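Participant:
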Amino acid sequence: MYSLLLEKLDEEKRVVIVALDEIDKIVQKNGDDILYQLLKINDDLSKARVSLIGISNDLKFTEYLDPRVRSRLADEKMVFPPYNADELYDILSERSRLAFENGIANDSVLHLISALAAQEHGDARRALDLLRVSAELAERAGDEHLTEEHVQRAKNKIELDTVIEAVKSLPTQSKLILLGILLNEEIGNAKLTTGEVYTTYRDL
5 MYSLLLEKLD EEKRVVIVAL DEIDKIVQKN GDDILYQLLK INDDLSKARV SLIGISNDLK
65 FTEYLDPRVR SRLADEKMVF PPYNADELYD ILSERSRLAF ENGIANDSVL HLISALAAQE
125 HGDARRALDL LRVSAELAER AGDEHLTEEH VQRAKNKIEL DTVIEAVKSL PTQSKLILLG
185 ILLNEEIGNA KLTTGEVYTT YRDL
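At position 169 of the sequence shown (counting the first as 1) the number is 173 in the numbering used here, and the numbers step up by one without a gap.
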């Protein structure tokens, strides 16, 4: 596969720019061998060149890479500030214009979503998720317009889903510890010591 890629690139005689979004997650999932291969690919090309752009929210991402990978990085970092509420509003306005009929998502709703997302690190993906889930809730309820209530319910749903996914990803032992805490709270023992938690965990 690698040799076929090299052959195709040299055949095209082009400069290819490869952009990897959430590059830190790619490396966490697959290891940094794939990154190393991409960084050394120019050594094996004669008529083409490849430039790599990595996008990550983790500013310390490169510190965890294998030294052989770090040594090949030009490592020119560009830090982009979070979106502010006005910028998020512009993004949402354009997306809602493309996705909805006129009037379904009014300015007050878009401003609310923009403000909520700006408070949470100015994440455009978060803003778009809020808009999408708000629209889904309105559709299920048979409502013709998005309201601030839809947005608040969407916010709560997204936060709950995030917690559920986090708990699902925990190892079994951690889940048992959480279960032990919940069982103690159910019998009115809200002020727990680590010893009491361990005793319940051991009995499970």
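Cβ coordinates follow ideal geometry from the N, Cα and C atoms, glycine included.
Note that the structure is predicted; figures quoted are calculated from it, not measured.
Under the rule that 16 or more other beta-carbon atoms within 10 Å means buried, what is residue 198, buried or exposed?
Facilitator: Reading the sequence shown from its first residue, position 194 is the one you call residue 198. When all chains shown are included, residue 198 counts as exposed.
Participant: Tell me whether the beta-carbon of residue 117 lies closer than 8 Å to the beta-carbon of residue 155.
Facilitator: Start at 1 with the first residue of the sequence shown, and residue 117 comes out as number 113. Start at 1 with the first residue of the sequence shown, and residue 155 comes out as number 151. Contact: yes.
Participant: What does DSSP give as the partner residues of residue 53 in its beta bridges?
Facilitator: Along the sequence shown, one-based indexing puts residue 53 at 49. DSSP, once it has assigned bridges, lists 19 as partnering residue 53.
Participant: Quick one: give me the first and last residue of the alpha helix (DSSP H) that residue 188 is part of.
Facilitator: Position 184 of the sequence shown, counted from the start, is the residue given in the question as residue 188. Here the alpha helix (DSSP H) through residue 188 covers 176 to 190.
Participant: Checking 8 Å against the spacing of the C-beta atoms, do residue 74 and residue 66 come in under that value?
Facilitator: For the purposes of this step, residue 74 is taken as residue 70 along the sequence shown, with counting starting at 1. For the purposes of this step, residue 66 is taken as residue 62 along the sequence shown, with counting starting at 1. Their beta carbons are under 8 Å apart, which means residue 74 touches residue 66 by this criterion.
Participant: For residue 36, tell me which candidate among 76, 13, 185 has the shortest Cα-Cα distance.
Facilitator: Along the sequence shown, read from residue 1 onward, the residue named residue 36 stands at position 32. With distances taken between Cα atoms, residue 36 lies closest to 76.
Participant: Quick one: Cα of residue 61 to Cα of residue 191, how far?
Facilitator: As a working note, residue 61 is residue 57 in the sequence shown. As a working note, residue 191 is residue 187 in the sequence shown. Cα to Cα, residue 61 sits roughly 42 Å from residue 191.
Participant: In whole angstroms, what is the alpha-carbon distance linking residue 96 and residue 14?
Facilitator: Walking along the sequence shown from the start, residue 96 turns up at place 92. Walking along the sequence shown from the start, residue 14 turns up at place 10. So the alpha carbons of these two residues sit roughly 41 Å apart.
Participant: Enumerate in chain order the residues of its own chain whose CB-to-CB distance from residue 45 is below 6 Å, with the five nearest sequence positions on each side excluded.
Facilitator: For the purposes of this step, residue 45 is taken as residue 41 along the sequence shown, with counting starting at 1. 54, listed in sequence order.
Participant: Would you mind stating whether residue 47 and residue 10 have Cβ atoms separated by less than 8 Å?
Facilitator: Locating residue 47 in the sequence shown gives position 43, where the first residue counts as 1. Locating residue 10 in the sequence shown gives position 6, where the first residue counts as 1. Taking 8 Å as the Cβ cut-off, residue 47 and residue 10 do not qualify as a contacting pair.
Participant: For residue 108, which option in 148, 165, 64 has the closest C-alpha, if you only look at C-alpha atoms?
Facilitator: Walking along the sequence shown from the start, residue 108 turns up at place 104. Of the candidates 148, 165, 64, the one whose C-alpha sits nearest the C-alpha of residue 108 is 148.
Participant: Measuring only the C-alpha atoms, how far is residue 125 from residue 89?
Facilitator: Along the sequence shown, read from residue 1 onward, the residue named residue 125 stands at position 121. Along the sequence shown, read from residue 1 onward, the residue named residue 89 stands at position 85. Going from the Cα of residue 125 to the Cα of residue 89 covers about 10 Å.
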